[in-house]
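As structure tokens, the structure follows; a few thoughts come after it.
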Amino acid sequence: MSQSRLTELTWREVRRAGERGIALLPIGSQEQHAGHLPMGTDTLLVEEVVDRALALLDHEAPAPEVVRLPALAFGHSPHHLFAAAVSLSAATLGAVLDDVLDSLVTSGYRRVMVVNGHGGNDEIMRLAVKRFALRARVTVAACSYWTLTEGEDGAGRPDVTPGHAGWFETSLMLAAHPDLVRTPVPARTPVDPPPLFDHPPHPGLTVERHGEWERVDGSTDDASAADADRGGRLLDDRARGLARAIRAFDAASR
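If you want the working numbering, it's the position in the sequence shown, counting the first as 1, plus 40.
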């Protein structure tokens, strides 16, 4: 088998798969996504991209051997607690990732890829990967799904990608889980001035101002024009990008 799920393997199969395979860990979050998307949007979307990427790889010969872990459904979301979220602190998320990676190495894996679906996890995930590779004989990769793209879909809007609970995520959810999107999606009231986390006053600055997520009601842009067809094309494009990244990681880390 080129692909398998950790939860469905016996321990001996897990050990054998670790000799050559890549352990793939999706991570997401549970947090508010305005009034029209569910709390688990980030987890649902990263799982969807992983599903599509692995389906593409499954048609290749030979396909990379991948063991898929259950998604880590909780992430670092303190900026969404003004409404509702289940959030891990940065230290806790880093420790959880460290423990998962350590468990995988102890179970025989030497190659691990983490695929992220929530912006608040990104820096923590990348730091965890870098720190772990310093102390363990392992090759670890990390990415956020929206950054992996072939750029050939023609459906995107870079100005609002990835955003939060906006046009991009809503379009993806309309394609992947239309029954979970509360429609019609209302138009977003323009926010003036725009939040500094999305519009820093100078290139290269990261700026956070207290209370801004609540001020914009947890969404970064207007989602009322979100489109399922374009969302499907964007999902496929990210899936192709992730499949290509897995192939490259497999070739480079054997």
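We put the CB at the ideal spot given by N, CA and C, even for glycine.
With a cut-off of 8 Å on the beta carbons, I'd call residue i and residue j a contact; round off their distance for me.
i    : j    : result
A182 : V107 : Actually they do not touch by this definition, with Cβ atoms about 17 Å apart.
A123 : W207 : That pair is no contact at about 20 Å.
V86  : G68  : 5 Å
F94  : G115 : Here the sequence assigns Leu to residue 94, which means Phe is not the residue at that position. That pair is no contact at about 22 Å.
P66  : A111 : 4 Å
Buried or exposed for residue i, going by 16 or more other Cβ atoms inside 10 Å?
i    : result
V247 : exposed
L174 : exposed
R92  : buried
S143 : exposed
G251 : exposed
What does the alpha-carbon distance come out to for the pair residue i and residue j?
i    : j    : result
G272 : L121 : 30 Å
I286 : L214 : 26 Å
A205 : R52  : 42 Å
T179 : S293 : 7 Å
G196 : G203 : 12 Å
H99  : L141 : 28 Å
A74  : F289 : 36 Å
L212 : D232 : 27 Å
S117 : D276 : 27 Å
M153 : V89  : 14 Å
P49  : L245 : Sequence check: residue 49 is Leu here, not Pro. Using only the alpha carbons, I get a separation of about 46 Å.
A268 : P218 : 8 Å
T146 : I164 : 22 Å
L46  : L64  : 10 Å
S129 : G160 : 10 Å
G194 : L282 : 18 Å
Q43  : E59  : 14 Å
What residues are listed by DSSP as bridge partners for residue i?
i    : result
I62  : V106
N156 : I67 and S184
H119 : Paired residue(s): none; H119 is not in a bridge.
A125 : E71
S44  : V107
L84  : L84 pairs with nothing; no bridge assigned.
R151 : T179
With a threshold of 8 Å on Cβ separation, who are the neighbours of residue i within its own chain once the five nearest residues in sequence on each side are excluded?
i    : result
T210 : H76, L77, V221, V225, A263, A266 and G271
Got a sec? Which residues, its chain only, sit under 6 Å from residue i by beta carbon, not counting five neighbours each side?
i    : result
T20  : Residue 20 lies beyond the residue range present for the chain, which begins at 41 and ends at 294; the question has no answer from this structure.
R280 : E190
D82  : G68, S69, G157 and H158
Can you find the residues in the same chain that come closer than 7 Å, C-beta to C-beta, to residue i, ignoring five residues on each side of it along the sequence?
i    : result
A216 : L84, L85, E88 and L275
W186 : T201, P202 and R278
D138 : A168 and F172
W253 : H119, H120 and F122
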